[in-house]
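Note that the protein sequences, when read in sequence, are chains A and B.
Going letter by letter, the first sequence gives residues 1 to 352 in our numbering.
Going letter by letter, the second sequence gives residues 1001 to 1352 in our numbering.
All remarks here apply to the structure that follows.
There are 2 protein chains.
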Amino acid sequence: MERREKFFEKISKNNIDGLFVSCISNIRYLTNFSGEEGYLLSTQNELLLIVDSRFIEQAKKETFTGVDVLEYSGKINDFIENLIKERHIHWLGIEKERISFNIYSNIENFGSIKLVPLSDFVETIRMVKDYDEIKNISSACKISSKSFNEALQFIKEGVTERDVVAELEYRFKKNGGEKPSFDTIVASGERGAFPHGVASDKKIEAHEPIVIDFGVFYMGYASDTTRTVCIGEPPEEFKNYYRAVQEAQNIGQYFAKAGLKASELDKKVREYLKEKGLSFGHGLGHGVGLEIHEPPYINANSTYTLEENMAITIEPGLYFPDRFGMRLEDTLIVKNDGTDQLIDLTHELIIA
Amino acid sequence: MERREKFFEKISKNNIDGLFVSCISNIRYLTNFSGEEGYLLSTQNELLLIVDSRFIEQAKKETFTGVDVLEYSGKINDFIENLIKERHIHWLGIEKERISFNIYSNIENFGSIKLVPLSDFVETIRMVKDYDEIKNISSACKISSKSFNEALQFIKEGVTERDVVAELEYRFKKNGGEKPSFDTIVASGERGAFPHGVASDKKIEAHEPIVIDFGVFYMGYASDTTRTVCIGEPPEEFKNYYRAVQEAQNIGQYFAKAGLKASELDKKVREYLKEKGLSFGHGLGHGVGLEIHEPPYINANSTYTLEENMAITIEPGLYFPDRFGMRLEDTLIVKNDGTDQLIDLTHELIIA
């Protein structure tokens, strides 16, 4: 499998004898195991998936050919220590942002081992998606767009933000999705000014913009979309701002293509808004895949360059405290000559 | 506030100058901040909540009196380093299972600081619930029981496990819950033998037992319940096993009270099953609160003793690979003379 070839090649390039993988999404990527708990120890040419009795049957069924599934009972530390000694691993990479101090210090005490803290070792391999991954992200996007269209009819004066979430997430499952890829945001009126306004018991009123940020997992892969909705006409002043966000989104999608620096893309969108005296405080976008937020991050400090078949979001927004907010977000596949749009929903303000 | 008094007393007893709190549930417990991201630095008498611009308004609105909310921009490391220096913190506790190696090593490099790795420092304070917490857990249990009763009518031959989840979780939200407290388990027929059988696309058939393990958050607090359901009569051999699980559950609830060792409770239930040649591979139960699984863990190796107003689950089950499984689980409040049952659902096998 190509992803494992890339992985072992990187192990070799980094001059390590193996990697201890703590991040469950990285474990899934390398082994196809979809359970909640497990450890993965790689050598230079082996993948050893270690699970307890609860997950052993599932692991054996799911894993790619070539992955060795091992069941531990008793102390996980002893089990891993034995594996490391048997395999004569000396330089062992660890995922420094993903491993807990506790597990780190246990492994460090195994004697003659040297731990090599690494960042985003597997995550950066995951950035460029293969055929199956793009199919799954695309399906997740289709399910979420369809569900959103169906849930729109329930957005009426007097329903709560949480009611909208109930209708939307119900349809996620009925349309074949696994579960929401994050806590669905439904932020109406003043609450729209919070970029992370998780749905509340607030009742939705006419003429107030409603920011709805939603996504679903399909076969483990996430979608991520935002649309802004209004019951009836929004305030007049809102309309100009919304057009600016639409244009910002267009600019982002116009320039995004393989070869462009992520920071450059972020800059192009911000420059347009800046000319109008507008700005927003979050990044322009992020990678999406087995996790809802993953590399490449698209912001001013990003060091990534866009590559073909990366899955990314572009999501400019504007936030006016105590008044309203708005955001437009799509999930896109980067191509050599542009992007493939996976979200089949209008960019216009949606009048419910 | 009592919880903070306990916390500062424990800081003082441990001879540390403060604690760096990484676990977001612990942060919520001490500050009432319900956002997804933040850091908490305590001194011996201060709680400093550190958030970025996305969460600053929410943090200011939500936090208990006496919590200082600080906004950082730029490098979080520099910000924390300055706080630590200003406060003359030398011995700083860290949550060793909860802090990433990366953050640990950044703080360790701050110079004259000594880090003290601690386990479950806040979690063990959280074990005994106060009045509001019990009210919230109780509400979560009511919402989940009501939703379960409503969803039962949708369990029919030919619907998928995922359909059942869609109906149940829809009702969670309509009945005032926030979101599922874990991935709802609907495991029918042979899949019931997986203790962690997250719902699949499998269609439910008549006469096969269906294990449904479900819970919801209310005001941040979780419920946790399992019931076993069957469309029509289950296999004859199933019935005896099910009676054993019912009796195991009765025994657990009969003996559970303040003063009993958690390991002793686990043992009493297992001894009963052992006499019948039966056993199960997971713990008897666990604490429940801001997290779905938290101390006190109730298993053979547990060192906890039950105390009044702990919120716990008791959940014996039996699993027969390639045949079926069954489990009964309640959320209970430990009292001096027994337990308060929070789940208003029959212990009988439920015939849908």
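Just so it is clear, CB atoms sit at the ideal spot from N, CA and C, and this is done for glycine as well.
Model, not experiment: these values are computed from the prediction.
Which residues in chain A have a C-beta closer than 9 angstroms to the C-beta of residue 1170 of chain B? List them in chain order. 166, 167, 169, 170, 173
Would you grab the beta carbon distance between residue 1044 of chain B and residue 1084 of chain B for me? Rounded to a whole angstrom, and I think it's under 8 angstroms.
So it is not a contact: roughly 13 angstroms between Cβ atoms.
Residue 1248 of chain B lies in the alpha helix (DSSP H); which residues open and close that run? 1236–1255
- Query: Looking at the structure shown, is residue 1152 of chain B part of a helix, part of a strand, or coil, going by DSSP?
  - Reply: Helix at residue 1152 of chain B.
Rounded to whole angstroms, what is the Cα-Cα separation between residue 158 of chain A and residue 1139 of chain B?
24 angstroms
- C-alpha gap between residue 1107 of chain B and residue 155 of chain A, whole angstroms: Rounded to whole angstroms, the gap between the alpha carbons of residue 1107 of chain B and residue 155 of chain A is 48 angstroms.
Exercise. Residues of chain A with CB under 8 angstroms from residue 1096 of chain B, in chain order?
Worked result: Taking a Cβ-Cβ cut-off of 8 angstroms, the neighbours of residue 1096 of chain B in chain A comprise 100, 101, 102, 105, given in sequence order.
Below 7 angstroms on C-beta distance, what does residue 179 of chain A contact in chain B? What residue 179 of chain A touches in chain B: 1183.
Q.
Which residues in chain B have a C-beta closer than 8 angstroms to the C-beta of residue 55 of chain A? List them in chain order.
A. Here the neighbours are 1196.
- Message: Do residue 1216 of chain B and residue 1180 of chain B have their beta-carbon atoms positioned less than 8 angstroms apart in this structure?
- Response: yes
Query raised in the report: Measuring CB to CB, does residue 1288 of chain B end up less than 8 angstroms from residue 1309 of chain B?
Result: no
Quiz item: Can you name the start and end residues of the alpha helix (DSSP H) that residue 1008 of chain B belongs to?
Solution: 1002–1013
Original post:
Does the Cβ of residue 28 of chain A have 16 or more other Cβ atoms within 10 Å, making it buried, or fewer, making it exposed?
Top reply: buried
### Task
Could you tell me if residue 178 of chain A is buried or exposed, where buried requires 16 or more neighbouring beta carbons within 10 angstroms of its beta carbon?
buried
**Prompt:** Looking only at DSSP bridge pairs, what is residue 1288 of chain B linked to?
**Reply:** According to DSSP, which records beta bridges pairwise, residue 1288 of chain B is partnered with nothing at all.
| task | For residue 1149 of chain B, count neighbouring C-beta atoms within 10 Å of its own C-beta (all shown protein chains included) and say buried if the count is 16 or more, exposed if not. | result | Around the beta-carbon of residue 1149 of chain B, fewer than 16 other beta-carbon atoms lie within 10 Å, marking it exposed.
TODO: Measure the C-alpha to C-alpha separation of residue 227 of chain A and residue 304 of chain A and round it to an integer number of angstroms.
DONE: 27 angstroms
- Please list the partners that residue 58 of chain A has in chain B, where partner means a Cβ-to-Cβ separation under 9 angstroms. Per Cβ cutoff of 9 angstroms: 1194, 1196, 1197.
Item checked: Beta-ladder partner(s) of residue 311 of chain A, from DSSP -> A:333
Contact set for residue 223 of chain A: own chain, Cβ-Cβ below 6 angstroms, skip 5 residues either direction: Annotation for residue 223 of chain A: 140, 141, 144, 215, 216, 331 place their beta carbon closer than 6 angstroms to its own, counting only its chain and skipping 5 residues before and after.
Residues near residue 1194 of chain B by beta carbon distance below 8 angstroms, same chain, minus five either side:
Cβ within range, chain order: 1187, 1319, 1325.
Review point. Quick one: is residue 191 of chain A near chain B, going by C-beta distance under 8 angstroms?
Key: no
Quiz item: How big is the Cα-Cα spacing for residue 1291 of chain B and residue 316 of chain A?
Solution: 33 angstroms
Requested in this report: Would you give the residue range spanned by the beta strand (DSSP E) that residue 1039 of chain B belongs to?
Outcome: Start and end: 1039–1042.
Members of the segment 1277–1290 of chain B near chain A, C-beta cut-off 9 angstroms
1281, 1282
Note to self: According to DSSP, is residue 1203 of chain B part of a helix, a strand, or is it coil?
What the structure shows: strand
Worksheet entry | Range covered by the beta strand (DSSP E) that runs through residue 1262 of chain B | Element bounds for residue 1262 of chain B: not the beta strand (DSSP E) but the alpha helix (DSSP H), 1262–1275.
(message) For the alpha helix (DSSP H) containing residue 1025 of chain B, name the first residue and the last one.
(response) Residue 1025 of chain B -> alpha helix (DSSP H) spans 1024–1031.
Considering only C-alpha positions, which residue in the set A:171, A:64, A:275, A:252 is nearest to residue 2 of chain A? When each option's Cα is compared against that of residue 2 of chain A, the closest is A:64.
- Distance, Cα to Cα, residue 1279 of chain B vs residue 1251 of chain B? 15 angstroms
Contacts that residue 1162 of chain B makes with chain A (C-beta to C-beta distance below 7 angstroms): 173
Short-range partners of chain A found in the segment 1109–1124 of chain B, where Cβ spacing is below 7 angstroms: 1117
Residue 35 of chain A vs residue 55 of chain A beta-carbon contact at 8 angstroms: yes
Looking only at C-alpha atoms, which of A:164, A:59, A:256, A:89 sits nearest to residue 33 of chain A? A:59
Three-pair Cβ contact test at 8 angstroms for the segment 1013–1023 of chain B versus the segment 336–344 of chain A
no
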